[in-house]
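Engineer: Using numbering that gives the first Met the number 0, the first residue of the sequence shown is number 0, and each one after it goes up by one. All C-beta atoms in this analysis are idealised placements derived from N, C-alpha and C, irrespective of residue type, glycine included.
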Amino acid sequence: MQAIPTTEPVAATASVGQLFGYPFRIFFLSMTLLALLAIPLWVLQVSGVVTLPLAMPGLFWHQHEMLFGFLSAAIAGFLLTAVCVWTQTERTHGPRLVLLWSVWLAGRLLLALGAELPEWLVHGVNLAFLPLVMIDAGWRIWRVRQKRQLMILVILGLLWLMQIGFVTRLDPTYSHGALIMALALISVIGGRITPAFTSGWLRQQGRDGAAVKTNPALDMATLLSMVLLLAALVTGWQTATAMLALISSGLMLVRLARWKGWLARKEPLLWILHLSILWVPMALLLLAGSVLAGWPTSAWTHAAGTGAVGCLILGVIARVSLGHTGRPLALPGGMVAAFFAIHLAALIRVMTAFDVLPWHAGIGISTLVWLLAYGMFLLRYTRILASPRPDGRPG
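#1: So what does DSSP say about SER275, is it helix, strand or coil?
#2: Out of PRO171, GLY16, VAL319, which one is the CA nearest neighbour of PRO94?
#3: Grab me the residues of GLU115's own chain with a C-beta within less than 8 Å of its C-beta, minus the 5 sequence neighbours each way, in chain order.
#4: Looking at C-alpha atoms only, which residue of TYR380, HIS323, LEU126 is the closest neighbour of PRO22?
#5: What's the gap between the Cα of ALA337 and the Cα of ALA34?
#6: Taking buried to mean at least 16 other C-beta atoms within 10 Å of its own C-beta, is GLN145 buried or exposed?
#7: Are the CB atoms of LEU384 and PHE27 nearer to each other than 9 Å?
#8: Hey, which unbroken runs of the alpha helix (DSSP H) at 4 residues or more fall wholly within the stretch 285–327?
#9: So, is PHE353 buried or exposed, given that buried needs 16 or more other C-beta atoms within 10 angstroms?
#10: Could you give the distance in angstroms between the alpha-carbon of VAL308 and the alpha-carbon of PRO117?
#11: Buried or exposed: which applies to GLU89, given that a residue is buried once 16 or more other Cβ atoms fall within 10 Å of its Cβ?
#12: Within this structure, are the beta carbons of THR296 and TRP258 separated by less than 9 Å?
#13: Check this for me: beta carbons of ALA183 and LEU222, under 9 Å apart or not?
#14: Hey, how far is the Cα of PHE128 from the Cα of HIS63?
#15: Assuming ALA72 contacts TRP103 under a Cβ cut-off of 8 Å, what Cβ separation, rounded to an integer in Å, is found between them?
#16: For PRO4, count neighbouring C-beta atoms within 10 Å of its own C-beta (all shown protein chains included) and say buried if the count is 16 or more, exposed if not.
#17: Below 7 Å CB to CB, which residues in the same chain sit around GLY176 once its five sequence neighbours on both sides are set aside?
#18: For TRP261, count neighbouring C-beta atoms within 10 Å of its own C-beta (all shown protein chains included) and say buried if the count is 16 or more, exposed if not.
#19: Looking at the C-beta of TRP200, does it have a partner C-beta in chain B at a distance below 9 Å?
#20: Kindly list the residues whose CB is nearer than 6 Å to the CB of PHE59, restricted to its own chain and excluding five residues on each side of it in sequence; keep chain order.
#21: Thinking C-alpha only, which one of VAL226, MET251, ALA244 is nearest LEU217?
#22: Around the Cβ of ARG206, are there at least 16 other Cβ atoms within 10 angstroms (buried) or fewer (exposed)?
#23: So does the stretch 233–245 actually touch the stretch 276–284, counting three or more Cβ pairs closer than 8 Å?
#24: From this set, TRP41, MET55, PRO56, which residue's C-alpha is nearest VAL49's C-alpha?
#25: Buried or exposed: THR6, going by 16 or more other Cβ atoms within 10 Å of its Cβ?
#26: Under a three-way DSSP split, which group does ALA216 fall into?
#27: Between the Cα of LEU313 and those of ARG264, TYR373, ALA287, GLY363, spot the shortest distance and give me the residue it belongs to.
#28: Would THR197 pass as a contact of LEU311 if the rule is Cβ separation under 9 Å?
Next up, the structure:
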C-alpha cells in the first residue's frame, strides 16, 4: 500500500468549522461516534449495568438507533455528497448543513434521554430527518432531470415509511422491513460503485477492466425482488417472504460473481466492498431459513445490520473520506485490520444467534471487535475529516 503523504496539513489546521464544509465530513464523524457509543450503551443497558432514561424500550431503542441513527447519518453523508457530484450543483454546507445535522443530533439525544418528554416531540424530530435529506437530494435531481437517481429516493421513502411504522407501533416487523430497504439501497449504490471502482482499478493495473460485468436488467430484477420482499414481509405472507428472499439472494450472488471481486483481492479498498456486499445474499438466505426452518431471526437481522450495513459503511466511508478530501486512495495504518475486525464482529454475532457461542460472551466479543473497527476509523480519520483539502479546493 502507498503511504499517506507527510506533506498534508498538520493537525493544528483541523477545525470544527471544516466539518461543515461538506456533508460527508460531519455525518461520517458523527455516525462513527454513535457507533462507538450506542452499541456498548445497549450492552450495558440490557445487562442491567446502567439504566438510561430512554424514550422507548431498550431493544427498540437499539434497533432504531442502528437503523435510523447510524444508517441514516451514513446515507446523508454519502448521498448529499454524491448527489452534488452527480448533478454538478453547489454542495450543502455551512449554516444549512449545521441545521440538518442538528436535527439528526436532536433525535439521538431525545431518544436517549427523553423518557419524560411527549412522544409527539421525540418522534416528530426523529421522523423529520430522512425527509429533509430526501428534499435536499431530490430538488437537485429534479433540477437536472436525472431520472436514474429517482429510485434511490423511492427506497429512502420506503425506509422512512418503515420508520413511521416502527416508532408509532414499536413492531419489529417494521425494523425488519427497514433492514430489507437497507439491503435494497446497498443493491443500488453498491451495484454502481463496486463494479465501477473494480473495473477502473484493473485498468490502472494494466489488466482487463472489461472482465467486470454488469447488467441493468439483472440489477432492476434484484431491486424489484427486494421491494416485493418488503411487501410480503410487512403483510405477513410467510411463503412469499421465504421465496422472494431466496430469489433476491440468488440474484445478488449472480451479480457479485459477475463483478469478479477476487481480481481485486490485493486492494483493501475494493475487497472490503465485495466482501461486505456478500453479506446481503447471506442475510437473505438466513431470512428464508428463519421462515422455512425456524432459524433464529436475530441471525438474519445481524447478518444484514452488522454484516452488510456495518461492514459496507466502514468500507465506503474509508474511501470517500480520502477521495473527497483530495487525498490519495491509500489506507492509513491499521485500517486493513479494522476491515477484518468488522467482518469478524458480524460473524461472531451471527454465530451467537445460533448458540455457537454463549450469549453474553458472543455479545461481548462482537461488541469489542466492532469498537476496534470503528475506533480505528475515528483514530485515523478524524484529522482528515476536520482538515482542509491539501489542494486548497473548497469543501
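Structural biologist: Once the coordinates are examined:
#1: Locating residue 275 in the sequence shown gives position 276, counting from the first residue. SER275 carries a helical assignment under DSSP once its states are collapsed to helix, strand and coil.
#2: Walking along the sequence shown from the start, residue 94 turns up at place 95. Of the listed residues, the one whose Cα sits closest to PRO94 is GLY16.
#3: For the purposes of this step, residue 115 is identified with residue 116 of the sequence shown, where counting begins at 1. Listed in chain order, the non-local C-beta contacts of GLU115 below 8 Å within the same chain comprise PRO52, local neighbours out to five positions each way being set aside.
#4: Locating residue 22 in the sequence shown gives position 23, where the first residue counts as 1. With distances taken between Cα atoms, PRO22 lies closest to HIS323.
#5: Taking the sequence shown and counting its residues from 1, one reaches residue 337 at position 338. Taking the sequence shown and counting its residues from 1, one reaches residue 34 at position 35. Taking the straight line joining both Cα atoms gives about 14 Å.
#6: Within the sequence shown, numbered from 1, the residue matching residue 145 stands at position 146. Answer is exposed; the Cβ neighbour count stays below 16.
#7: The residue you call residue 384 lines up with position 385 of the sequence shown. The residue you call residue 27 lines up with position 28 of the sequence shown. For LEU384 and PHE27, yes; Cβs fall inside 9 Å.
#8: 296–301, 311–322
#9: Here residue 353 is taken as the residue at index 354 of the sequence shown, counted from 1. Exposed.
#10: For this step, residue 308 is matched to residue 309 along the sequence shown. For this step, residue 117 is matched to residue 118 along the sequence shown. Cα-Cα distance, rounded: 31 Å.
#11: The residue labelled residue 89 in the question sits at position 90 within the sequence shown. Exposed, since its Cβ has fewer than 16 Cβ neighbours within 10 Å.
#12: By 1-based counting over the sequence shown, the position of residue 296 is 297. By 1-based counting over the sequence shown, the position of residue 258 is 259. Cβ distance not < 9 Å, so THR296 and TRP258 don't count as in contact.
#13: Within the sequence shown, numbered from 1, the residue matching residue 183 stands at position 184. Within the sequence shown, numbered from 1, the residue matching residue 222 stands at position 223. Yes, Cβ-Cβ distance for ALA183 and LEU222 is below 9 Å.
#14: Taking the sequence shown and counting its residues from 1, the one referred to as residue 128 is at position 129. Taking the sequence shown and counting its residues from 1, the one referred to as residue 63 is at position 64. The straight-line gap from Cα to Cα measures roughly 13 Å.
#15: Translated into positions along the sequence shown, residue 72 becomes position 73. Translated into positions along the sequence shown, residue 103 becomes position 104. So it is a contact: roughly 6 Å between Cβ atoms.
#16: As a position in the sequence shown, residue 4 is number 5, starting the count at 1. Here the model assigns PRO4 a pLDDT of 41, short of 50, so the residue's position is not dependable and the matter cannot be decided.
#17: In the sequence shown, counting from the first residue as 1, residue 176 sits at position 177. Closer than 7 Å at the Cβ level, and outside the excluded window around GLY176, lie MET161, LEU229, LEU232, VAL233.
#18: Here residue 261 is taken as the residue at index 262 of the sequence shown, counted from 1. Under this definition TRP261 is an exposed residue.
#19: The question asks about chain B, but that chain is absent: this structure has only one protein chain.
#20: To locate residue 59, count along the sequence shown from 1; it is residue 60. Counting only Cβ-Cβ distances below 6 Å, and skipping sequence neighbours, we find LEU169.
#21: Taking the sequence shown and counting its residues from 1, one reaches residue 217 at position 218. The option with the nearest alpha carbon to LEU217 is MET251.
#22: Sequence index remark: in the sequence shown, residue 206 carries index 207 (1-based). It is exposed - the Cβ of ARG206 has fewer than 16 other Cβ atoms within 10 Å.
#23: Under the three-pair Cβ rule at 8 Å, the stretch 233–245 counts as touching the stretch 276–284.
#24: Mapped onto the sequence shown, residue 49 falls at position 50. Measuring from the Cα of VAL49, the nearest candidate turns out to be TRP41.
#25: Numbered from its first residue, the sequence shown carries residue 6 at position 7. Note that THR6 scores a pLDDT of 40, beneath 50, so its modelled location is shaky; the value from the coordinates is reported in the next line. In summary, THR6 is exposed, with fewer than 16 beta-carbon neighbours lying within 10 Å of its beta-carbon over all protein chains present.
#26: Locating residue 216 in the sequence shown gives position 217, counting from the first residue. Helix, per DSSP.
#27: By one-based count along the sequence shown, residue 313 stands at place 314. Ranking the options by Cα distance to LEU313, first place goes to TYR373.
#28: Locating residue 197 in the sequence shown gives position 198, counting from the first residue. Locating residue 311 in the sequence shown gives position 312, counting from the first residue. Not closer than 9 Å, so no.
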